[in-house]
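J.: Counted from 1, the sequence shown has number 8 at position 9 by numbering that gives the first Met the number 0; the numbering is strictly sequential. Below is a structure I'd like to ask you about.
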Amino acid sequence: MKIRVTALSDGSGGTVVVASLDAYGLANNDVREIRARLASYAERRGIVSINVCSLHQHSVVDTFGMNGDLADALVFNPLKHLAGFRNTENGKNPAFMESLFNVAVDTVERACENMEPGRLYFGSADAAEYVFDKRPPYVNDGRLNRLRFDPDNPQSRETMMLFWYAHCLGNGASNTQVTSDYPYYMEKIVNERADANFMMLYGAGQSNTMNTDPQLLGLSGSYTTLEKIQAYAAALAERMLGISPAGEAQIEPLSNIRHSEVFLPVDNEVIRFGRNAAFFQNTALRSGRGLEMVTEIGYWELGARLAVVFVPGEIEPALVYGGALSEAESWSGQPWNYPSLQEMAGPGRKLLVAGVANDQIGYIVPDNDYMPMTAPQSKGVEFVSLGKTTGSRLVTAFYKLITEVR
0 MKIRVTALSD GSGGTVVVAS LDAYGLANND VREIRARLAS YAERRGIVSI
50 NVCSLHQHSV VDTFGMNGDL ADALVFNPLK HLAGFRNTEN GKNPAFMESL
100 FNVAVDTVER ACENMEPGRL YFGSADAAEY VFDKRPPYVN DGRLNRLRFD
150 PDNPQSRETM MLFWYAHCLG NGASNTQVTS DYPYYMEKIV NERADANFMM
200 LYGAGQSNTM NTDPQLLGLS GSYTTLEKIQ AYAAALAERM LGISPAGEAQ
250 IEPLSNIRHS EVFLPVDNEV IRFGRNAAFF QNTALRSGRG LEMVTEIGYW
300 ELGARLAVVF VPGEIEPALV YGGALSEAES WSGQPWNYPS LQEMAGPGRK
350 LLVAGVANDQ IGYIVPDNDY MPMTAPQSKG VEFVSLGKTT GSRLVTAFYK
400 LITEVR
């Protein structure tokens, strides 16, 4: 389990920090704890934004709270919640979380201290066949999107930041081997073959999982889970490292970033119970509109032709790229009358997605295709979604945010 950090500045005095954590997710209040511990350092160093993104790995130490003792979760925690006590217990180990906070702070500081001048490039490669999408409308970016930092010092390593949208599900539920998921093995290959630093950010991957078809990965006969993970990582690394300088575009030294706090209604009763049971501890407030979860969304412009949206959960790609289900196709029979995030960013600007960023609020579904969680077509999405208006609320928040940046 690692945290990888990149610090980037356009030279104007404002540094943006992006961290990638091997975790299922990290609640926004824990991200704010990391930011608070870095506040003095950030002020001295001119850091204007600190972002902690999770790779949404499903086989990893619990940093969210979902794997606690069931007796605590189902009996004692709800009683404590009703009584107004805050000493609930879940799968998060306080000592481990303290270590995580300390390591995160130290790694951010070291990344900032090691900053050096260089040039930033963007390139991509088609890899759509390595993803299996389980739910319509089957809209995806389909590409390995890579930022590559080329330092002026020839003795320094390049740094590659990959945006990719397949769930880290290589281990599965039955694996008995202790191993990392595919991003770790991608990093190992990039370190060895390109002598470069590597970090990955999880993209718009609501219902997307790894396509581990043996023929696609060149596997034959019997093979272990680890061999499958390594083969998947090798295939992606090979494709990404094949992006040539001729296929890249240099990014102008221009960086603008903005964040906005968002309040999202929680009308999913399973999520309400999960909060009372302390399966997760995201901050939620009661208002005249009911229970609302406090989260955030971010928008980062890089140069004139690139941008990143920091999404606090697992977003349906159609909300980002367009192509949401129509009135006739959707579960509700209603239209989806919102432009895509890419449309808002503009036709001349490629929009990248950093998902499960600065929070983990679950799945983000277009309002018109939000269905009962028991429906077979759901694929489990609505089970861990805050509610039926999460999609429109976040899209609206992004529109307001992007107009502020401009």
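Each residue gets a CB set at the ideal place from its N, CA and C atoms; glycine is no exception. Computed from a predicted structure; not experimentally measured.
Per DSSP, M198 is paired with what?
T.: M160
J.: For a test of the three-state rule: what should DSSP assign to Q229, helix, strand or coil?
T.: helix
J.: V261 and P311 - do their beta-carbons sit closer together than 9 Å?
T.: yes
J.: Since R142 sits in a beta bridge, which residues does DSSP pair it with?
T.: Among the bridge pairs identified by DSSP, R142 is matched with D125.
J.: State the Cα-Cα distance for the pair F131 and A195, rounded to the nearest angstrom.
T.: 29 Å
J.: Could you give the residue range of the alpha helix (DSSP H) that holds S391?
T.: T389 to V404
J.: Suppose you measure from the CA of E237 to the CA of E191; what does that come to, to the nearest Å?
T.: In a straight line, the C-alpha of E237 is about 12 Å away from that of E191.
J.: In or out: T389 buried (at least 16 other Cβ within 10 Å) or exposed?
T.: By the neighbour-count criterion, in which a residue is buried when 16 or more other Cβ atoms sit within 10 angstroms of its Cβ, T389 is buried.
J.: Are the region 47-54 and the region 355-364 in contact at 8 Å, needing three or more beta carbon pairs?
T.: yes
J.: Closest to T106 by C-alpha separation, out of P116, I33 and G202, would be which residue?
T.: I33
J.: Measuring straight from C-alpha to C-alpha, what distance separates I228 and Y201?
T.: 17 Å
J.: With distances taken Cα to Cα, identify the nearest neighbour of W299 among L400, S325, I314 and R31.
T.: L400
J.: Compare the beta carbon distance of G204 and Y231 with 9 Å and say whether it is the shorter of the two.
T.: no
J.: When you compare only the Cα positions, how much space is there between S98 and I242?
T.: Whole-angstrom Cα-Cα distance: 37 Å.
J.: Assuming T14 contacts G45 (C-beta within less than 8 Å), just tell me the rounded distance between them.
T.: 6 Å
J.: In this structure, does DSSP put Q280 in helix, strand or coil?
T.: Three-state result, Q280: coil.
J.: Among the candidates N28, G386 and L301, whose CA atom is the shortest distance from the CA of G347?
T.: L301
J.: Quick one: grab the DSSP three-state call for E300.
T.: It is a strand residue.
J.: Rounded to the nearest angstrom, what separates R36 and V104 at their Cα positions?
T.: Straight-line spacing of the CA atoms in R36 and V104 works out to 7 Å.
J.: For L263, name the three-state secondary structure that DSSP assigns.
T.: strand
J.: My output table needs one value for Y362: the three-state DSSP class, helix, strand or coil.
T.: strand
J.: Whole beta strand (DSSP E) runs in the region 208-254 with 3 or more residues, listed along the chain?
T.: Within the region 208-254, the runs of beta strand (DSSP E) at least 3 residues long that lie entirely inside it are, in chain order, 248-250.
J.: Return the first residue and the last residue of the alpha helix (DSSP H) that N113 is part of.
T.: Following the DSSP letters along the chain, one finds N113 in no alpha helix (DSSP H), marked with neither H nor E.
J.: For the putative contact between M114 and L161, defined by C-beta atoms under 8 Å, what is the C-beta separation to the nearest angstrom?
T.: Between L161 and M114 the Cβ distance is about 20 Å, and since that is not below 8 Å, they are no contact.
J.: Kindly list the residues whose CB is nearer than 6 Å to the CB of Y129, restricted to its own chain and excluding five residues on each side of it in sequence; keep chain order.
T.: N210
J.: The beta strand (DSSP E) with L7 in it runs from where to where?
T.: Per DSSP, the unbroken beta strand (DSSP E) holding L7 starts and ends at I2 to S8.
J.: Taking N50 as part of the beta strand (DSSP E), name the residues at either end of that continuous run.
T.: Annotation for N50: the continuous beta strand (DSSP E) segment containing it runs I46 to S53.
J.: Count the CB pairs spanning the region 143-155 and the region 108-125 that are closer than 8 Å, and state whether there are at least three.
T.: yes
J.: Out of L351, S391 and Q359, which one is the CA nearest neighbour of N144?
T.: L351
J.: At the level of alpha carbons, what is the spacing between D61 and A22?
T.: One Cα belongs to D61, the other to A22, and the distance between them is close to 7 Å.
J.: Helix, strand or coil: which one does DSSP assign to S384?
T.: It is coil, neither helix nor strand.
J.: Going straight from the alpha carbon of I314 to that of A323, what length do you get?
T.: 12 Å
J.: Could you round the C-beta distance between Y369 and K387 to whole angstroms and report it? I think they count as a contact, below 8 Å.
T.: 4 Å
J.: Cβ of M292 within 9 Å of Cβ of I360?
T.: Their beta carbons are under 9 Å apart, which means M292 touches I360 by this criterion.
J.: Take R288 and list the residues in its own chain whose beta-carbon comes closer than 7 Å to its own, dropping the five residues that flank it on each side.
T.: P264
J.: The ligand NAP and N139: does any heavy atom of the ligand fall closer than 8 Å to the residue's C-beta?
T.: This structure simply doesn't include the ligand NAP, nor any ligand for that matter.
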